[in-house]
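Protein chains in written order, with numbering that gives the first Met the number 0: chain A, 0 to 331; chain B, 0 to 331. C-beta: ideal position from N, C-alpha, C; glycine also. The structure under discussion appears below in the form of structure tokens.
Protein chains: 2
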Amino acid sequence: MKKLINDPSEVVSDALRGVAAAHPELKVDHENRVVYRADAPVRGKVGLVSGGGSGHEPMHGGFVGPGMLDAACAGEVFTSPVPDQMLAATRYVDGGAGVLHIVKNYTGDVMNFDMAAELAAADGVEVASVVIDDDVAVRDSLYTAGRRGVGATVLVEKIAGAAAEAGRPLAAVADVAKKVNAGARSMGMALTSCTVPAAGKPTFDLPDDEMEIGIGIHGEPGRERVPLEPARRVAERLLEPIVSDLGLSGGDSVLAFVNGMGGTPLLELYLMYAEVASVLERAGVGIARSLVGNYITSLEMAGCSVTLLRVDDELLELWDAPVRTPGLRWGI
Amino acid sequence: MKKLINDPSEVVSDALRGVAAAHPELKVDHENRVVYRADAPVRGKVGLVSGGGSGHEPMHGGFVGPGMLDAACAGEVFTSPVPDQMLAATRYVDGGAGVLHIVKNYTGDVMNFDMAAELAAADGVEVASVVIDDDVAVRDSLYTAGRRGVGATVLVEKIAGAAAEAGRPLAAVADVAKKVNAGARSMGMALTSCTVPAAGKPTFDLPDDEMEIGIGIHGEPGRERVPLEPARRVAERLLEPIVSDLGLSGGDSVLAFVNGMGGTPLLELYLMYAEVASVLERAGVGIARSLVGNYITSLEMAGCSVTLLRVDDELLELWDAPVRTPGLRWGI
Numbered sequence: 000m001k002k003l004i005n006d007p008s009e010v011v012s013d014a015l016r017g018v019a020a021a022h023p024e025l026k027v028d029h030e031n032r033v034v035y036r037a038d039a040p041v042r043g044k045v046g047l048v049s050g051g052g053s054g055h056e057p058m059h060g061g062f063v064g065p066g067m068l069d070a071a072c073a074g075e076v077f078t079s080p081v082p083d084q085m086l087a088a089t090r091y092v093d094g095g096a097g098v099l100h101i102v103k104n105y106t107g108d109v110m111n112f113d114m115a116a117e118l119a120a121a122d123g124v125e126v127a128s129v130v131i132d133d134d135v136a137v138r139d140s141l142y143t144a145g146r147r148g149v150g151a152t153v154l155v156e157k158i159a160g161a162a163a164e165a166g167r168p169l170a171a172v173a174d175v176a177k178k179v180n181a182g183a184r185s186m187g188m189a190l191t192s193c194t195v196p197a198a199g200k201p202t203f204d205l206p207d208d209e210m211e212i213g214i215g216i217h218g219e220p221g222r223e224r225v226p227l228e229p230a231r232r233v234a235e236r237l238l239e240p241i242v243s244d245l246g247l248s249g250g251d252s253v254l255a256f257v258n259g260m261g262g263t264p265l266l267e268l269y270l271m272y273a274e275v276a277s278v279l280e281r282a283g284v285g286i287a288r289s290l291v292g293n294y295i296t297s298l299e300m301a302g303c304s305v306t307l308l309r310v311d312d313e314l315l316e317l318w319d320a321p322v323r324t325p326g327l328r329w330g331i
Numbered sequence: 000m001k002k003l004i005n006d007p008s009e010v011v012s013d014a015l016r017g018v019a020a021a022h023p024e025l026k027v028d029h030e031n032r033v034v035y036r037a038d039a040p041v042r043g044k045v046g047l048v049s050g051g052g053s054g055h056e057p058m059h060g061g062f063v064g065p066g067m068l069d070a071a072c073a074g075e076v077f078t079s080p081v082p083d084q085m086l087a088a089t090r091y092v093d094g095g096a097g098v099l100h101i102v103k104n105y106t107g108d109v110m111n112f113d114m115a116a117e118l119a120a121a122d123g124v125e126v127a128s129v130v131i132d133d134d135v136a137v138r139d140s141l142y143t144a145g146r147r148g149v150g151a152t153v154l155v156e157k158i159a160g161a162a163a164e165a166g167r168p169l170a171a172v173a174d175v176a177k178k179v180n181a182g183a184r185s186m187g188m189a190l191t192s193c194t195v196p197a198a199g200k201p202t203f204d205l206p207d208d209e210m211e212i213g214i215g216i217h218g219e220p221g222r223e224r225v226p227l228e229p230a231r232r233v234a235e236r237l238l239e240p241i242v243s244d245l246g247l248s249g250g251d252s253v254l255a256f257v258n259g260m261g262g263t264p265l266l267e268l269y270l271m272y273a274e275v276a277s278v279l280e281r282a283g284v285g286i287a288r289s290l291v292g293n294y295i296t297s298l299e300m301a302g303c304s305v306t307l308l309r310v311d312d313e314l315l316e317l318w319d320a321p322v323r324t325p326g327l328r329w330g331i
């Protein structure tokens, strides 16, 4: 295992020290492994909390800041945080207008956020939750009942974050988060595995001439293994189920998001974006906004995912609103 | 070779199609492989041009936009662009106040930018050049007479870009670029090689239990190969020659930049940043600003580099100025 780490069991703690040192505008509760806005709680604003296993950076800690999340809790690599972490995060960001939990649909995350919401409610904090389940690759999977939550999470965090910043009440922020989740679909693929530090060896084996279509962000199996193909064919494979499931047709407008799994160079991600744009152009689907880069990763896995979000004026205005986080920033 | 590409000989062209599709605020001259601001030339502003071999994305095309570069030309992977590309870029961005060429110190880049500057001068365009040579690892190397240009290039492009945006004349923009280069030192390391698409196999072999200290951004040999070590020891190895060469001592203030080579997860880069911050704290060196992420990469190489820039009020003000590029953005 070749990694820039100290003790494999201290990877998350050590990285959180780096986040604290690099970003004075954020605070880190090292005991609970919570990254939160230094100015939290923001009085009268709905607080946004997300979190999940580590290894998907910049998600979620890198999306904390004005216009996006108020706090994120970090589990061990590819392991859900515990309810106490989520409760601590919820308390940090409760500014009196309630707190929204943004939860990727994995069994541990859903269960633990549910428990944290109950504990917070017992404290008198109003909590709403939205579960993200945008991955069209598989119906159920290793860690999931129902579809997995993947790339749409980035879009939900940005757009719901803007809605909260604009002063919308909890129910309205939850509604727009659900609207984004309902209008977004994703599918990923991998060329290589990744290695969880504590495991010390690759999560799975993939022959030199094969790729995995529909991979999960923890290396969970996808739909099928197929021989390597040109990027233009990979783009078609990823888009076909997304376009079909969203019911997109000529004249529709989307945000197109090509995400790197961590080990694929940006050069290749832009190349993939070119192929995605070609497929959509042929289908008559317009691209209103785009995002290309490493936003929800699987350690050093090589591969990518594509997410399409059906957009309207409301979502575009919220997408364009200022955001200031380590991982996504514009306007401020 | 596992890559998200079509024809290995078309990788750069295909990726540039993606850049054009994803960024309507940029234009791409596909014949000359030049990425430039859609609003170029900006009347009365010094134009900034850089460029070099591809494979280091987001550098340089991802740093084109207000507050940074006006144009970037893309060579084949790890191969200098030709003078005609640089000349085309220079013409696109000449707004009447002259053009600065920011050139990484590699033999081909230096020679070709020199020739382009002569051709542009014959056209009546005033051109100044700054050569970046911040890599303390080796004195000369495979592609270089003198030190190689690496991480400081990102800082020069940002800071000189802000100076140009503020309306400074050509000589003053060149001066601040030289000041950044003079005050910055870098050193990198690799855990794995990368694979140039046209070559189809790894650039070098590195045993499973070794790392290369002082690696170049094209996989050129560094100082030595040593057994794998904890990140805290790697940070010390990279910082020792930087701190010594810059003559840093207690009370000095720096911008600290931990850069990923492309295949190393952000989790590890933040962990490395924590170690870098610890070393500097022990030395009494203050960190005024930081940058952590993949900014000057070597395809999918795993590893990192550290750059320190000695800062003063002038450089901090220019660093903090608004910038809007695909790879670096704040304030606008």
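**Message:** Using 8 Å as the threshold, is the C-beta distance between T152/A and I101/A below it?
**Reply:** yes
**Prompt:** Helix, strand or coil for T152/B per DSSP?
**Reply:** helix
**Request:** Taking only beta-carbon positions, decide if P57/A is within less than 8 Å of chain B.
**Result:** yes
**Proximity test, Cβ basis, 8 Å: A273/A and chain B** = It does; some Cβ of chain B falls within 8 Å.
**Message:** Distance cutoff 8 Å, beta carbons only. Does A161/A sit that close to anything in chain B?
**Reply:** no
**Asked** What in chain A is Cβ-close to A301/B, meaning under 9 Å?
**Response** K1, K2, L3, G262 and E299
**Asked** Apart from the five residues on each side of it in sequence, which residues of its chain come closer than 6 Å, Cβ to Cβ, to L252/A?
**Response** First, the residue type needs correcting, since residue 252/A is Ser and not Leu in the sequence shown. Here the set comprises G285, A287 and V310.
**Message:** Can you list, in chain order, the residues of its chain with a C-beta nearer than 6 Å to that of G50/B? Leave out the 5 residues immediately preceding and following it.
**Reply:** H59, A71, C72 and P80
**Prompt:** Between T89/A and chain B, is there a C-beta pair that is closer than 8 Å?
**Reply:** no
**Asked** At a CB-CB cut-off below 8 Å, which residues of chain D make contact with S53/A?
**Response** The structure shown contains no chain D; the protein chains it does contain are A and B.
**Message:** Determine whether the beta carbon atoms of V48/B and T89/B lie at a separation below 8 Å.
**Reply:** yes
**Request:** Quick one: list the residues of chain B neighbouring T296/A, beta-carbon separation under 9 Å, in chain order.
**Result:** P264, L265 and L266
**Message:** Let me see if you follow: with CB-CB separation under 8 Å, is A320/A close to chain B or not?
**Reply:** no
**Coil, strand or helix - P226/A by DSSP** = strand
**Asked** How would you label M110/B, buried or exposed, when you count the other beta carbons within 10 angstroms and need 16 or more for buried?
**Response** exposed
**Message:** Below 7 Å on C-beta distance, what does L289/A contact in chain B?
**Reply:** The sequence as given places Ser at residue 289/A; Leu does not occur at that position. Ordered by position in chain B, the residues that pass the 7 Å Cβ test against S289/A are A21.
**Asked** Among the residues of its own chain, which have a CB less than 6 Å from the CB of R231/A, if the five just before and after it don't count?
**Response** Cβ neighbours of R231/A beyond the five flanking positions: E274.
**Prompt:** Just checking my contact of G61/B with G94/B at CB under 8 Å: how many whole Å lie between their CB atoms?
**Reply:** The pair is not a contact, with the Cβ atoms about 22 Å apart (cut-off 8 Å).
**Prompt:** At which residue ranges does the stretch 77-122 of chain A contain complete beta strand (DSSP E) runs of 3 or more residues, listed in the order of the chain?
**Reply:** 98-103
**Prompt:** According to the Cβ coordinates, are P57/B and Y294/B closer than 8 Å?
**Reply:** yes
**Request:** Could you please give the first and the last residue of the uninterrupted beta strand (DSSP E) stretch that includes E211/A?
**Result:** E209 to I212
**Prompt:** Can you round the beta-carbon distance between R146/A and N104/A to whole angstroms, since I take them to be within the 8 Å contact cut?
**Reply:** Taking the Cβ atoms as the reference, R146/A lies roughly 6 Å from N104/A, within the contact range of under 8 Å.
**Request:** Between the Cα of A87/B and those of V76/B, V124/B and R323/B, spot the shortest distance and give me the residue it belongs to.
**Result:** V124/B
**Asked** For G213/A and chain B, any beta-carbon pair shorter than 8 Å?
**Response** no
**Item:** Chain-ordered chain A contacts of T202/B [CB-CB under 7 Å]
**Value:** Correct list: empty, because the minimum Cβ distance to chain A is about 14 Å.
**Message:** Please state the DSSP three-state secondary structure of I286/A.
**Reply:** Three-state result, I286/A: strand.
**Alpha-carbon spacing of Q84/A relative to G249/A, whole angstroms** = 45 Å
**Prompt:** Which residues in the same chain as R323/A place their Cβ atom closer than 7 Å to its Cβ, once the five residues preceding and following it in sequence are excluded?
**Reply:** G64, P65, G66 and I331
**Item:** Segment contact, 8 Å Cβ cut-off, at least three pairs: the stretch 210-228 of chain B with the stretch 132-142 of chain B
**Value:** yes
**Best match in Y269/B, W329/B, L327/B and L68/B for proximity to A234/B [C-alpha to C-alpha]** = Y269/B
**Message:** In whole angstroms, give me the CA-to-CA distance for W329/A and D319/B.
**Reply:** 14 Å
**Asked** Do you know whose CA, among G187/B, E223/B, D69/B and G74/B, lies nearest M260/B's CA?
**Response** G187/B
**Request:** For the beta strand (DSSP E) holding G259/A, just list the boundary residues, first then last.
**Result:** Bounds of the beta strand (DSSP E) holding G259/A are S252 to G259.
**Item:** chain B contact residues for A14/A, given Cβ-Cβ distances below 8 Å
**Value:** L266, E267, Y269, L270 and A273
**Prompt:** From the beta carbon of L237/A, is the nearest beta carbon of chain B less than 8 Å away?
**Reply:** no
**Contact set between the stretch 173-203 of chain B and chain A, restricted to residues whose Cβ is under 7 Å from the partner** = L190 and T191
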